[in-house]
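Novice: Once you've had a glance at the structure underneath, I'll fire off some questions.
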Amino acid sequence: MAAPEQQQEPETGQQHQSSCEESQLEEKLSERHLKERPVSRYILGAGVVALVLVLAAVSGLVVQYARSTFHSPPGDVCDTVDCVLHARSILATMNESADPCADLHAHVCGRSGEAETARDTLLRIYSREVVNTLGDAQAFLGSYHGSSAAVKAFAAFAKCLDRGASRDAGNFVAFMRDRGILWPHPPAASKAGADLHGVLDVLLDLTVNWRVALWFDVTVSSNSNQADPIIIIGDIGDVPALRMDQLAGADNFTYADVVQNMSHFLSGGEVTLNEAELVELRQDEAAFRNTLLASYTYADEDEFDNLLPLKDFATLFGPDVSSAEWTTLLGKYLRDAVNVSATTTVLVFKEQQFKRVGNMMGYLPNQRLWNVLGWTFAYAYAWIINADFDSLELNPTTRDVTTRVQCFIATQESFGIAYASPAFRDAFNASDRDKVVAVLNWTSAALVTLANASRAIAESTKTEARSKIESLASTRLWPPEPYLHVGSLDSLYTNFSGEARSFLEIWLQSRKALRAALASPYYDSLLTSRSRFENIVTRLTSFAVYGRINNTSLLRRLDAAKSSGERRQLGDLFALDVAFLAMQTSSVQDPDKWPLRLKSLEALTEVQTFYVSYCSHHCYEPSGRLMCNLAMNASEFNDAFKCDARPRNSSSTCVFV
Numbered sequence: 001m002a003a004p005e006q007q008q009e010p011e012t013g014q015q016h017q018s019s020c021e022e023s024q025l026e027e028k029l030s031e032r033h034l035k036e037r038p039v040s041r042y043i044l045g046a047g048v049v050a051l052v053l054v055l056a057a058v059s060g061l062v063v064q065y066a067r068s069t070f071h072s073p074p075g076d077v078c079d080t081v082d083c084v085l086h087a088r089s090i091l092a093t094m095n096e097s098a099d100p101c102a103d104l105h106a107h108v109c110g111r112s113g114e115a116e117t118a119r120d121t122l123l124r125i126y127s128r129e130v131v132n133t134l135g136d137a138q139a140f141l142g143s144y145h146g147s148s149a150a151v152k153a154f155a156a157f158a159k160c161l162d163r164g165a166s167r168d169a170g171n172f173v174a175f176m177r178d179r180g181i182l183w184p185h186p187p188a189a190s191k192a193g194a195d196l197h198g199v200l201d202v203l204l205d206l207t208v209n210w211r212v213a214l215w216f217d218v219t220v221s222s223n224s225n226q227a228d229p230i231i232i233i234g235d236i237g238d239v240p241a242l243r244m245d246q247l248a249g250a251d252n253f254t255y256a257d258v259v260q261n262m263s264h265f266l267s268g269g270e271v272t273l274n275e276a277e278l279v280e281l282r283q284d285e286a287a288f289r290n291t292l293l294a295s296y297t298y299a300d301e302d303e304f305d306n307l308l309p310l311k312d313f314a315t316l317f318g319p320d321v322s323s324a325e326w327t328t329l330l331g332k333y334l335r336d337a338v339n340v341s342a343t344t345t346v347l348v349f350k351e352q353q354f355k356r357v358g359n360m361m362g363y364l365p366n367q368r369l370w371n372v373l374g375w376t377f378a379y380a381y382a383w384i385i386n387a388d389f390d391s392l393e394l395n396p397t398t399r400d401v402t403t404r405v406q407c408f409i410a411t412q413e414s415f416g417i418a419y420a421s422p423a424f425r426d427a428f429n430a431s432d433r434d435k436v437v438a439v440l441n442w443t444s445a446a447l448v449t450l451a452n453a454s455r456a457i458a459e460s461t462k463t464e465a466r467s468k469i470e471s472l473a474s475t476r477l478w479p480p481e482p483y484l485h486v487g488s489l490d491s492l493y494t495n496f497s498g499e500a501r502s503f504l505e506i507w508l509q510s511r512k513a514l515r516a517a518l519a520s521p522y523y524d525s526l527l528t529s530r531s532r533f534e535n536i537v538t539r540l541t542s543f544a545v546y547g548r549i550n551n552t553s554l555l556r557r558l559d560a561a562k563s564s565g566e567r568r569q570l571g572d573l574f575a576l577d578v579a580f581l582a583m584q585t586s587s588v589q590d591p592d593k594w595p596l597r598l599k600s601l602e603a604l605t606e607v608q609t610f611y612v613s614y615c616s617h618h619c620y621e622p623s624g625r626l627m628c629n630l631a632m633n634a635s636e637f638n639d640a641f642k643c644d645a646r647p648r649n650s651s652s653t654c655v656f657v
């Protein structure tokens, strides 16, 4: 199918800092990918990736709306609790005087104020979705006597909330020293392993043994389609990401103050950094932070993934660490789960981001690298033993919500999605799961229809696409089988503890239990799984039918667009049309269909509600205007809002998706 090329609005958000050499290398790598991949693969990939992410998003429904009544009564409008809340959130930002045909974002989001930061988004989503879905931890612990795994997770969450201020950093400092992290003291230059190889050793120890994904994550995935487990190099953890974002908003005085306070706390008052050391530390930390947080907005356009054998790994990370050294290091930490060799398969998410991290690590002198590593880890996790470091916020209400978010995601790092299992089972019995499968089938059928109708796709490619869609539609829709049965789930968490004298003890015990389960087939898919909601670690673009059909598309490497940003927009537009077609199909085929209009928004037609609902999910994003107004190019938008036909730019070209 073809889509007209659109004018791209200026992007917002922090731009990552990288050298000219890095930029040139990234451009060459991107060009190599574009040249080597056949056009038919672009077309097929667009459809298949859209379906993959439909699967992921539909799977994510299991928690997000678990507390509402799953079956909406037949009628003209949806009036369940969720639908009413969603309508209210739309009305709170809607500016009805703005013309949707001229600017959909102004119409839907005109009263929303300025774009949120990533941290603000997480706080809002936590308050609106996590709390409403899972409820109060203490109330749960007082009334629920089912899954012991869920009880342990909620007990750990409650223990985290009970932390107080502390002057004793002894146990935390001991943990750092056991890893070779001496900050705020200077690193031992004569110590064995003080070079880049030693830094990688520490990073791998943190991520594999302690689930601290500071600059990248390392996990093992056992997939039925793979003969052997594969190693996954993934995104940073939620806790480091949230804490980095806090620092991003600090002015020079606040930043220096928190560094000195942390330094005094960890050193017992022995170490005070001078001004030059503070400037250097902030500069180095900001370089990593800007690179790692760039992917939360459209600023980072090179989020390509790469699948390669370990023997070629040095070509990706950089020449400072050889592939043989990587093989040795990964084998040291993953040998219980993977027989690591030069031919072991590695899947690297966001390869350009990972490459930039490798370049920065190779560029910084060893002492500065150790200092920024130590400071980043200290700020990311020292709050778990001292509530004084919970937040930089002065407002007590905002500070309290920040603390709850941090405790929630820190507990999730330890227990995966175990805490949500009771809500999942309550919301999705066998009949309800059948309904979700029906939604997926409608979406799959919509995708096949679009592919079959395209005159740009060869018949052989259409056949291959149909085969892949059928295969994908039958995999990974639900959490692994143990999640559906209390006894099986609890057995996976036998060695986990939700009770201890302190949250730090729970943190250490749970991470040890996770390490012992590294070879489990459920390690990646359940034990370390994250509830995504709409968090800051993955850019999820929700194409929603009132929160019931979510579709996300992160299509990559399309052949004719002028920029990565334009390619992403075209992919999102394609996915939006797929979601709309799926909605139409579901409303026709389901005799007990969900109402497609919302109570309190009865003036909107079903199709108008679809586009307004979609746009409302982007009101607070830095790229919100771009994403909202993307819908104005969707196939049914003009008819839905009775817009006059807009003239096409005569210089526009067609970009094949």
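Numbering-wise, the sequence shown is residues 1 to 657 according to UniProt numbering. Beta carbons: idealized from backbone N, C-alpha and C, even for Gly.
1. Going along the chain, which residues of its own chain have a beta-carbon closer than 6 Å to the beta-carbon of residue 390, five neighbours each way excluded?
2. By Cβ distance below 6 Å, which residues in the same chain neighbour residue 616 in space, the five residues on each side in sequence not counted?
3. Where do the ends of the beta strand (DSSP E) carrying residue 201 lie?
4. Cα separation between residue 350 and residue 235?
5. Helix, strand or coil for residue 639, going by three-state DSSP, please let me know.
6. Is the region 418–428 in contact with the region 245–258, if contact means three or more CB pairs nearer than 8 Å?
7. Flag this pair as touching only if the region 355–364 and the region 154–168 have three or more C-beta atom pairs under 8 Å; answer yes or no.
8. Per DSSP, what kind of secondary structure is residue 271 in: helix, strand or coil?
9. What are the residues that DSSP puts in a beta bridge with residue 448?
10. Throw me the rounded Cβ distance for the residue 209 and residue 515 pair, which I believe falls under 8 Å.
11. Starting from the Cα of residue 293, find the closest Cα among 231, 243, 148, 147 and give me that residue.
12. Under a Cβ-count criterion, where at least 16 other Cβ atoms within 10 Å of its own Cβ denotes burial, should residue 418 be classed as buried or exposed?
13. Among all the DSSP beta bridges, which residues are the ones paired with residue 469?
14. To the nearest angstrom, report how far apart residue 95 and residue 258 are at their CA atoms.
15. The alpha helix (DSSP H) that contains residue 330, what's its start and end?
16. For a quick check, are the C-beta atoms of residue 327 and residue 311 less than 9 Å apart?
17. Check each candidate in 166, 105, 263, 629 and name the one with the smallest Cα separation from residue 371.
18. In the DSSP output, which residue or residues are listed as bridge partners for residue 346?
19. Quick check on residue 192: buried or exposed, where buried means 16 or more other Cβ atoms within 10 Å of its Cβ?
20. State the Cα-Cα distance for the pair residue 522 and residue 346, rounded to the nearest angstrom.
21. Is residue 628 helix, strand or coil when you go by DSSP?
22. What is the rounded straight-line gap between the Cα of residue 459 and the Cα of residue 631?
23. Assuming residue 490 is part of the alpha helix (DSSP H), what are its boundary residues?
24. Check whether the region 395–412 and the region 166–182 touch, using three or more Cβ-Cβ pairs below 8 Å as the test.
25. Could you tell me the alpha carbon to alpha carbon distance between residue 289 and residue 195, rounded to whole angstroms?
26. Using DSSP's beta-bridge definition, name the partner residues of residue 217.
27. Distance check for residue 287 and residue 364, CA to CA, integer angstroms please.
28. Assuming residue 179 contacts residue 200 (C-beta within less than 8 Å), just tell me the rounded distance between them.
29. For a quick check, are the C-beta atoms of residue 101 and residue 598 less than 9 Å apart?
30. Inspect the CB distances between the region 453–467 and the region 481–501 and report whether three or more fall short of 8 Å.
31. Using the Cα positions of residue 307 and residue 291, report the straight-line distance between them to the nearest angstrom.
32. So what's residue 598 in DSSP terms, helix, strand or just coil?
33. Following the continuous alpha helix (DSSP H) through residue 413, name the residue where it begins and the one where it ends.
34. Between the beta-carbon of residue 524 and the beta-carbon of residue 181, is there less than 9 Å?
35. Tell me, to the nearest whole angstrom, how far the beta carbon of residue 529 is from that of residue 416; I am working on the premise that it is less than 8 Å.
36. In angstroms with no decimal places, state the Cα-to-Cα distance between residue 546 and residue 439.
Specialist: This is what the structure gives:
1. One-based indexing of the sequence shown puts residue 390 at position 390. 383, 403.
2. Your numbering for residue 616 matches position 616 in the sequence shown. So the list reads 90, 108, once near-sequence residues are dropped.
3. In the sequence shown, residue 201 corresponds to position 201, counting from 1. Taken as a continuous stretch (DSSP letters only), residue 201 belongs to no beta strand (DSSP E), being part of the alpha helix (DSSP H) at 196–204.
4. By one-based count along the sequence shown, residue 350 stands at place 350. By one-based count along the sequence shown, residue 235 stands at place 235. So the two alpha carbons sit approximately 8 Å from each other.
5. Indexing the sequence shown from 1 puts residue 639 at position 639. In this structure, residue 639 counts as helix in the three-state DSSP scheme.
6. no
7. no
8. Position 271 of the sequence shown, counted from the start, is the residue given in the question as residue 271. Three-state DSSP puts residue 271 in coil, outside helix and strand.
9. Your numbering for residue 448 matches position 448 in the sequence shown. DSSP output for residue 448 lists no bridge partner at all.
10. As a first step, residue 209 must be located in the sequence shown, where it is residue number 209. As a first step, residue 515 must be located in the sequence shown, where it is residue number 515. Indeed, because the Cβ distance is near 5 Å, the residues count as touching under 8 Å.
11. For this step, residue 293 is matched to residue 293 along the sequence shown. The shortest C-alpha separation from residue 293 is found at 243.
12. To locate residue 418, count along the sequence shown from 1; it is residue 418. That one is buried.
13. To locate residue 469, count along the sequence shown from 1; it is residue 469. Bridge partners of residue 469: none, in fact.
14. Stepping through the sequence shown from its first residue, residue 95 is reached at position 95. Stepping through the sequence shown from its first residue, residue 258 is reached at position 258. So the two alpha carbons sit approximately 41 Å from each other.
15. Here the question's residue 330 lines up with position 330 in the sequence shown. Residues 323–334.
16. Position 327 of the sequence shown, counted from the first residue, corresponds to residue 327. Position 311 of the sequence shown, counted from the first residue, corresponds to residue 311. For residue 327 and residue 311, yes; Cβs fall inside 9 Å.
17. Locating residue 371 in the sequence shown gives position 371, counting from the first residue. If we check each option's Cα against that of residue 371, 263 comes out closest.
18. Numbered from its first residue, the sequence shown carries residue 346 at position 346. The partner list for residue 346 (beta bridge, DSSP) reads 231, 308.
19. Working through the sequence shown from its first residue, we reach residue 192 at position 192. With a pLDDT of 46 at residue 192, under the threshold of 50, the predicted position of this residue should be treated as unreliable, though the coordinate-derived value follows. So residue 192 ends up on the exposed side.
20. Counting from 1 along the sequence shown, the entry for residue 522 is found at position 522. Counting from 1 along the sequence shown, the entry for residue 346 is found at position 346. Answer to the nearest angstrom: the Cα atoms are 18 Å apart.
21. What you label residue 628 is simply residue 628 of the sequence shown in a count that begins at 1. Helix.
22. If you number the sequence shown from 1, residue 459 lands on position 459. If you number the sequence shown from 1, residue 631 lands on position 631. In a straight line, the C-alpha of residue 459 is about 30 Å away from that of residue 631.
23. Position 490 of the sequence shown, counted from the start, is the residue given in the question as residue 490. 486–492 is the extent of the alpha helix (DSSP H) around residue 490.
24. no
25. On the sequence shown, residue 289 is found 289 positions in, with the first residue counted as 1. On the sequence shown, residue 195 is found 195 positions in, with the first residue counted as 1. If I take the Cα positions, the gap works out to 22 Å.
26. The residue given as residue 217 occupies position 217 in the sequence shown. Bridge partners of residue 217: 234.
27. To locate residue 364, count along the sequence shown from 1; it is residue 364. To locate residue 287, count along the sequence shown from 1; it is residue 287. Computed Cα separation, rounded: 11 Å.
28. On the sequence shown, residue 179 is found 179 positions in, with the first residue counted as 1. On the sequence shown, residue 200 is found 200 positions in, with the first residue counted as 1. Not quite, the Cβ-Cβ distance comes to about 12 Å (not below 8 Å), so this is no contact.
29. Here residue 101 refers to the residue found at position 101 of the sequence shown. Here residue 598 refers to the residue found at position 598 of the sequence shown. No.
30. no
31. Within the sequence shown, numbered from 1, the residue matching residue 307 stands at position 307. Within the sequence shown, numbered from 1, the residue matching residue 291 stands at position 291. Roughly 21 Å separates the two Cα atoms.
32. Your numbering for residue 598 matches position 598 in the sequence shown. If DSSP states are grouped into helix, strand and coil, residue 598 belongs with the strands.
33. For the purposes of this step, residue 413 is taken as residue 413 along the sequence shown, with counting starting at 1. Counting along the chain, the alpha helix (DSSP H) containing residue 413 begins and ends at 396–415.
34. Sequence index remark: in the sequence shown, residue 524 carries index 524 (1-based). Sequence index remark: in the sequence shown, residue 181 carries index 181 (1-based). Contact flag unset, no.
35. Taking the first residue of the sequence shown as position 1, residue 529 is located at position 529. Taking the first residue of the sequence shown as position 1, residue 416 is located at position 416. Confirmed, Cβ separation roughly 5 Å.
36. If you number the sequence shown from 1, residue 546 lands on position 546. If you number the sequence shown from 1, residue 439 lands on position 439. Note on residue 546: pLDDT 22, under 50, position unreliable in the model; the coordinate value appears next. The alpha-carbon atoms of residue 546 and residue 439 are separated by roughly 14 Å.
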